[in-house]
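Asker: Sharing a structure here in structure tokens format.
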Amino acid sequence: WTGGRDDRGCDQTMAEPSDIVLIAATGAESLTDEIGGILGIPPAAIDAEDADGETHLRLPCNVRLRDTYVVACLGGAGVNRFFVELSLIVSGLRRASAARITAVLPYYAYGRQARKHTS
Numbered sequence: 440w441t442g443g444r445d446d447r448g449c450d451q452t453m454a455e456p457s458d459i460v461l462i463a464a465t466g467a468e469s470l471t472d473e474i475g476g477i478l479g480i481p482p483a484a485i486d487a488e489d490a491d492g493e494t495h496l497r498l499p500c501n502v503r504l505r506d507t508y509v510v511a512c513l514g515g516a517g518v519n520r521f522f523v524e525l526s527l528i529v530s531g532l533r534r535a536s537a538a539r540i541t542a543v544l545p546y547y548a549y550g551r552q553a554r555k556h557t558s
């Protein structure tokens, strides 16, 4: 780890590239490859299996005490399936003791539904 505290007392800790895991959710592989190329971090793809309509995910590597970034696109057809997959990925990362989990969502499908519904 590198960093320290700034003049406001905030922690300015940044992870080394070897401490970062970049994960591509289904449908975000090309964007994750682009981000990984810019940062110099090889992206890891989630191994997703659909058995009887259920999604089973396998984490590609050890994430214990590492910063993880999950790139997911929650737009287009199958948005609910992608949202459930993202939830399963985050849950798996938490159980695998990832230090930090950040979801990178270039488009959040439900973000514009902030209006009040009347009946």
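Heads up, the sequence shown is in our numbering, so the first residue is 440 and it goes up one at a time. Yeah, the Cβ is synthetic: ideal placement off N, Cα and C, and Gly gets one too.
1. Verify whether the separation of the beta carbon atoms of residue 459 and residue 528 is less than 9 Å.
2. Between the C-alpha atoms of residue 546 and residue 461, what's the straight-line distance to the nearest angstrom?
3. Who are the near neighbours of residue 541 in its chain, counting only those whose CB is closer than 6 Å to its CB and skipping five residues on each side?
4. Whole angstroms is fine: what's the gap from residue 501's alpha carbon to residue 463's?
5. Would you say the beta carbon of residue 462 comes nearer than 8 Å to a heavy atom of the ligand GTP?
6. With a CB to CB cut of under 7 Å and the five nearest residues on each side skipped, what residues in its chain are close to residue 475?
7. Looking at the secondary structure, which residues open and close the alpha helix (DSSP H) in which residue 506 lies?
8. Please classify residue 493: is it buried, with 16 or more other beta-carbons within 10 angstroms of its beta-carbon, or exposed?
Answerer: Let's see:
1. no
2. 18 Å
3. 508
4. 15 Å
5. Among the components modelled here there is no ligand, and therefore nothing to report on the ligand GTP.
6. 461, 481 and 482
7. First-last for residue 506: 506 to 510, but that is the beta strand (DSSP E), not the alpha helix (DSSP H).
8. exposed
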